[in-house]
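Chemist: Below is the structure I would like to discuss, written out as structure tokens.
There are 2 protein chains.
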Amino acid sequence: MIRHAVTLSVGDELLAGETLDTHGRTIAASLSARGCRVLQHRVLGDDVSDIAAAIVAATVGADLVVITGGLGPTLDDVSREALAEAMNESLVEDPASRMHLDQWYAGRGRVMPVGNVRQALRPTSATCIENPNGTAPGLRARVGAALVVVLPGPPREMRPMLEGVLNDELSGESRPTIVVRAFGIGESDAAERIEPLMRRDARLPVATTVSQSLLSARIRGNVPDDRDSIETLAVQVETAWHPFVFGRDDVTLSMALGAELKKAGHTIATAESCTGGLVAAMLTEVPGSSGWYPGGWVTYENTRKVEDLGVDAELIEQDGAVSRSVVSAMADGARRRAGSDYGVSISGVAGPDGGSADKPVGTVWIAVADEAGIDARCFCFSGDRPVVRDRAANTALQLTRLRLRGDDSDLLWQRDARS
Amino acid sequence: MIRHAVTLSVGDELLAGETLDTHGRTIAASLSARGCRVLQHRVLGDDVSDIAAAIVAATVGADLVVITGGLGPTLDDVSREALAEAMNESLVEDPASRMHLDQWYAGRGRVMPVGNVRQALRPTSATCIENPNGTAPGLRARVGAALVVVLPGPPREMRPMLEGVLNDELSGESRPTIVVRAFGIGESDAAERIEPLMRRDARLPVATTVSQSLLSARIRGNVPDDRDSIETLAVQVETAWHPFVFGRDDVTLSMALGAELKKAGHTIATAESCTGGLVAAMLTEVPGSSGWYPGGWVTYENTRKVEDLGVDAELIEQDGAVSRSVVSAMADGARRRAGSDYGVSISGVAGPDGGSADKPVGTVWIAVADEAGIDARCFCFSGDRPVVRDRAANTALQLTRLRLRGDDSDLLWQRDARS
């Protein structure tokens, strides 16, 4: 039974800080969902000895070792050599893989570069894992008591191969987990609200994390029978964090808002200035968003606010673009022009330039307009340009979601909060 | 002298696959730029023994060990305890840190939760590193021959503290590096074009990587005097990859396009369907983009294409939204309505739904319109929804950039490429 795993990502470019390693997380999430705990994740360079040593060390405590990277055709791809060294075996050519390679190139009317034949090599007792989306097969072998799997780096190739291995190797038995997602309260406030649940001596302790301003509470059972217990805990967290909880597990704020709009048969249009299209992009990330999102405007310069959304030029002259009056006119204009039920608008100072004593960098007005009226609020987001834009976009989605639910709670970073 | 480092990211949520570890990369990039090589990066859970063991192991081969995470106020934050264990010391309260903590809460009119006083603890012989953006100070200590530094997890807090440590500890002596950035050719094609430069026995081998479809060639010198040699190599790569190279190091496609528009005194408007605001968001990521980007439209449903951009409804009826005629009308409509020099438009099938035998998922038309005319091309992007949107957005930027430069080269994924 596979209960513990160690994962390794291979690539000089990772240690040079060139590329972001995402496999550590992707594989950890897949394993966790199937009840296998990751003990450790390592990032190594393209060095045969380093990789071989890490494989050997990993097989001591783990039942499964997953390595990604280093299976390409270039001379710095040495994961095959490293696995062979860890196994104390030679590399031999796998006939089926060689044939598949030849066919891949022939089918594209291309000549295989001579060096690429290395991709058909494997340690003597290892087997190849077919790669449906690329040329390099993966490798699978026993090292000590552990199953060792080497997969290609490119995510599109790695993912189906990983799922294939996990489907074969991991039984359905898993550790039930629920992650509660929220936005709009601070981490300390959130933690204080569920403090008794977070004690380390609790049988099933709840852990909180913040990532890109989104708050999560992870509740994990130990055995399948814990399903009811973690459901109870999840409901307690959702109650304590109400109304800022927008969903569980893989649900995003956009998906949550989209589901609410779809349920009500409503539509929404967007009018963005400083977020420059981020909110529109987040909404359209959701498959099926065409059912509730007709479109929006990126009115980056003031002329566009006037011409596209019908904002009164004098209002901009008088109050400035970053003001209650202008952001309200933007939300209302978007709603009317698109003929949608809701309009959401954002106008602020993302930085680094554009701030003033009155309206420092991070000052952002956000408004939601509907048939009943317009709710416009001013926020002060800390952080640099990308952070301000990201927080403003998420706040706009949450503000809209709360409006749909008839809730007027104050949100984190709101200036002049009423409570 | 600090030449080698090991980095550790701490957090159960990382090993559970909840959160993506970005510190490994951020710190590696900072260290590489200052001539310090990262030997290994590890991701560990919130476990005192595991972290302590990893610290001790790291100090064997490295001059510098950087640990992030586990300095929060909750019970699962155990990096202080782990460092103390690795050093075989006790934890004592640091008076200055305790005072700073008390003042932080008092200044916000809040009562410090009792548990938070743990954040002022440090091993006896360690010192605290001030945190300008949060409550938890960092820690700095000697373990064996290595300098060990523990920093908070939140990027906004970690980054200035890291820079402070590196400024103090690392001399200006560095390994000069140039990274050449390109988009629009495949990795194999790109590698073949510079094959002689990539040989491992070259004195300064060039390494290529692909990340999110963006291509990079990394050229690193060994000593400051290699500056001229790597410049020569970089120019060779740029020549071999022309015209797909858009810049070096931290330059993004948006920045490159923006710089060209700014230089020519030109402006651009966007009209997006399936990319839903991504291109606008990418353009406005660039500080100062208001100088060349007045705004754009997200015409997600067809009515918006007709009403906002003046696309002939009959064209959509006849040819469908994903067609040469419609995407051309969108680009031209955006250009005219915004009064800009250029208009760029995107209309396609991002998936998972919406595909047909004729226009499968991944079929995207992209057009660039200017005074001289309209260049519209059809692309077939492989991948799922987010990948299709991302590739389409980057392709739109590169197509526009090439148009500005009077270049009509075919791009990767282009259907009916002429060469």
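Here the protein sequences come in this chain order: A and B.
Per my numbering, the very first residue in the first sequence carries number 1; after that it's consecutive.
Per my numbering, the very first residue in the second sequence carries number 1; after that it's consecutive.
Glycine included, each C-beta is placed from N, C-alpha and C at the ideal position.
Does the ligand NAP have even one heavy atom less than 7 Å from the beta-carbon of A281(B)?
Modeler: The model on display carries no ligand, and the ligand NAP is accordingly not part of it.
Chemist: Which residues, taken in chain order from the region 35–50 of chain B, show a beta carbon closer than 8 Å to some beta carbon of chain A?
Modeler: Cβ contacts with chain A come from R37, V38, L39, Q40, H41, R42, V43, L44, G45, D50.
Chemist: Of the residues S9(B), T177(B), G406(B), which one's Cα is nearest the Cα of R248(B)?
Modeler: Here residue 248(B) is taken as the residue at index 248 of the second sequence, counted from 1. Comparing Cα-Cα distances from R248(B) to each of S9(B), T177(B), G406(B), the minimum goes to T177(B).
Chemist: Should M158(A) be flagged as near chain B, meaning a C-beta pair shorter than 8 Å?
Modeler: The residue labelled residue 158(A) in the question sits at position 158 within the first sequence. Judged by the 8 Å Cβ criterion, M158(A) is not in contact with chain B.
Chemist: Which residue spans inside the region 37–104 of chain B form an unbroken alpha helix (DSSP H) run of at least 4?
Modeler: Here the runs fully enclosed are 48–61, 79–87.
Chemist: Excluding the 5 residues preceding and the 5 following L166(B) in the sequence, name in chain order all residues of the same chain whose CB lies nearer than 7 Å to its CB.
Modeler: Your numbering for residue 166(B) matches position 166 in the second sequence. Here the set comprises S30, R34.
Chemist: Measure the C-alpha to C-alpha separation of D416(A) and M1(B) and round it to an integer number of angstroms.
Modeler: Walking along the first sequence from the start, residue 416(A) turns up at place 416. Walking along the second sequence from the start, residue 1(B) turns up at place 1. Rounded to the nearest angstrom, the two C-alpha atoms are 51 Å apart.
Chemist: Nearest CA to the CA of Y293(B): which residue from V38(B), G276(B), A271(B), G11(B)?
Modeler: Position 293 of the second sequence holds residue 293(B). Measuring from the Cα of Y293(B), the nearest candidate turns out to be A271(B).
Chemist: In chain order, what residues of the same chain lie with their CB nearer than 6 Å to the CB of S419(A), ignoring the 5 residues before and after it?
Modeler: Counting from one through the first sequence, the residue named residue 419(A) turns up at place 419. Note that S419(A) scores 48 on pLDDT, short of 50, meaning its location in the model is unreliable; the coordinates nonetheless yield the value given after this. Only D410 meet the Cβ criterion.
Chemist: Please specify which runs of the alpha helix (DSSP H), each continuous and at least 4 residues long, are wholly inside the region 156–236 of chain B, giving them in chain order.
Modeler: For the region 156–236 of chain B, whole alpha helix (DSSP H) runs of length 4 or above, ordered along the chain, are 187–193.
Chemist: For a contact defined as C-beta to C-beta under 8 Å, what are the partners of R385(B) on chain A?
Modeler: Reading the second sequence from its first residue, position 385 is the one you call residue 385(B). Near R385(B) (Cβ distances below 8 Å), the residues of chain A are E285, P287.
Chemist: Give the DSSP-derived three-state secondary structure of H23(B) in the structure shown.
Modeler: Numbered from its first residue, the second sequence carries residue 23(B) at position 23. Of the three classes helix, strand and coil, the one that applies to H23(B) here is helix, per DSSP.
Chemist: Which term fits P152(B), buried or exposed, when burial requires 16 or more other beta carbons within 10 angstroms of its beta carbon?
Modeler: As a first step, residue 152(B) is located in the second sequence; it is residue number 152 there, counting from the start. Result: buried.
Chemist: Measuring alpha carbon to alpha carbon, tell me which of T232(B), Q212(B), V210(B), S213(B) ends up nearest R220(B).
Modeler: Within the second sequence, the letter at position 220 stands for residue 220(B). The residue with the shortest Cα to Cα distance from R220(B) is T232(B).
Chemist: So, are the CB atoms of A392(A) and I366(A) less than 8 Å apart?
Modeler: Residue numbering aside, residue 392(A) sits at position 392 when the first sequence is read from its first letter. Residue numbering aside, residue 366(A) sits at position 366 when the first sequence is read from its first letter. Cβ distance < 8 Å, so A392(A) and I366(A) count as in contact.
Chemist: If contact means a Cβ-Cβ distance below 9 Å, which residues of the region 289–311 of chain A contact chain B?
Modeler: The residues in question are S289, S290, Y293, P294, G295, G296, W297, V298, T299, Y300, E301, T303, R304, K305, E307, D308.
Chemist: Going along the chain, which unbroken runs of the beta strand (DSSP E) with 3 or more residues stay wholly within the region 255–334 of chain A?
Modeler: DSSP runs (the beta strand (DSSP E)) wholly in the region 255–334 of chain A: 268–272, 295–298.
Chemist: Closer than 6 Å by C-beta to L197(B): which residues in its own chain qualify, once you throw out the five before and the five after it? Chain order, please.
Modeler: Your numbering for residue 197(B) matches position 197 in the second sequence. The residues are V206.
Chemist: Would A331(A) and A369(A) qualify as a contact pair, given that the criterion is a beta-carbon distance under 8 Å?
Modeler: Counting from 1 along the first sequence, the entry for residue 331(A) is found at position 331. Counting from 1 along the first sequence, the entry for residue 369(A) is found at position 369. Yes, the Cβ-Cβ distance between A331(A) and A369(A) is below 8 Å.
Chemist: So that I know if they touch, is there some Cβ in chain B lying closer than 8 Å to that of G164(A)?
Modeler: Within the first sequence, numbered from 1, the residue matching residue 164(A) stands at position 164. It does not; no Cβ of chain B falls within 8 Å.
Chemist: Listing by chain order, which chain A residues have their CB less than 9 Å from the CB of A28(B)?
Modeler: To locate residue 28(B), count along the second sequence from 1; it is residue 28. Residues of chain A passing the Cβ test: L14, L15, A16, G17, E18, V43.
Chemist: Taking only the alpha-carbon atoms, compute the straight-line gap between L453(B) and D319(B) and give it to the nearest angstrom.
Modeler: Residue 453(B) falls outside the range modelled here, since chain B spans only 1 to 419, and no answer is possible.
Chemist: By a C-beta neighbour count over all protein chains shown, 10 Å radius and 16 as the cutoff for buried, is V180(A) buried or exposed?
Modeler: Position 180 of the first sequence holds residue 180(A). The residue in question, V180(A), is buried, as its Cβ has 16 or more Cβ neighbours within 10 Å.
Chemist: With DSSP run on the structure shown, which of helix, strand or coil describes L8(B)?
Modeler: If you number the second sequence from 1, residue 8(B) lands on position 8. L8(B): strand per DSSP, three-state reduction.
Chemist: So, at 6 Å on beta carbons, what are the nonlocal neighbours of A264(B) in its own chain, with the 5 sequence-adjacent residues on each side left out?
Modeler: Position 264 of the second sequence, counted from the first residue, corresponds to residue 264(B). No residues qualify anywhere along the chain.
Chemist: In the DSSP assignment, find the beta strand (DSSP E) that holds V388(A) and state where it starts and stops.
Modeler: Taking the first residue of the first sequence as 1, we reach residue 388(A) at position 388. Element bounds for V388(A): not the beta strand (DSSP E) but the alpha helix (DSSP H), 385–404.
Chemist: Would the region 133–142 of chain B and the region 93–111 of chain B be scored as touching if the rule is three or more Cβ pairs under 8 Å?
Modeler: Counting Cβ pairs under 8 Å, three or more are found: they touch.
Chemist: Taking only the alpha-carbon atoms, compute the straight-line gap between L147(A) and R175(A) and give it to the nearest angstrom.
Modeler: Here residue 147(A) is taken as the residue at index 147 of the first sequence, counted from 1. Here residue 175(A) is taken as the residue at index 175 of the first sequence, counted from 1. Straight-line Cα distance between these residues: approximately 21 Å.
Chemist: CB-CB under 7 Å to G406(B), same chain, minus the five flanking residues each way: which ones, in chain order?
Modeler: As a first step, residue 406(B) is located in the second sequence; it is residue number 406 there, counting from the start. Nothing listed; no residue qualifies.
Chemist: Tell me, to the nearest whole angstrom, how far the beta carbon of A86(A) is from that of V143(A); I am working on the premise that it is less than 8 Å.
Modeler: Within the first sequence, the letter at position 86 stands for residue 86(A). Within the first sequence, the letter at position 143 stands for residue 143(A). That pair is a contact at about 6 Å.
Chemist: Judging by CA-CA distance, which residue of T26(A), D46(A), D226(A), F381(A) is the nearest neighbour of R200(B)?
Modeler: Position 200 of the second sequence holds residue 200(B). Of T26(A), D46(A), D226(A), F381(A), the residue nearest in Cα terms is D46(A).
Chemist: Mind checking who L147(A) pairs with in its DSSP beta bridge?
Modeler: The residue labelled residue 147(A) in the question sits at position 147 within the first sequence. Answer is L64(A), R142(A).
Chemist: List the DSSP bridge partners of T239(A).
Modeler: The residue labelled residue 239(A) in the question sits at position 239 within the first sequence. Beta-bridge pairing links T239(A) to no other residue.
Chemist: So who's on the other strand from F379(B), going by DSSP bridges?
Modeler: Walking along the second sequence from the start, residue 379(B) turns up at place 379. According to DSSP, F379(B) bridges with V364(B), Q414(B).
Chemist: How about D390(A) and S213(A): do their beta carbons lie closer than 8 Å?
Modeler: Working through the first sequence from its first residue, we reach residue 390(A) at position 390. Working through the first sequence from its first residue, we reach residue 213(A) at position 213. Closer than 8 Å, so yes.
Chemist: Report the residue from P73(B), M255(B), D353(B) whose alpha carbon sits nearest the alpha carbon of Q119(B).
Modeler: For this step, residue 119(B) is matched to residue 119 along the second sequence. Among P73(B), M255(B), D353(B), the Cα nearest to that of Q119(B) belongs to P73(B).
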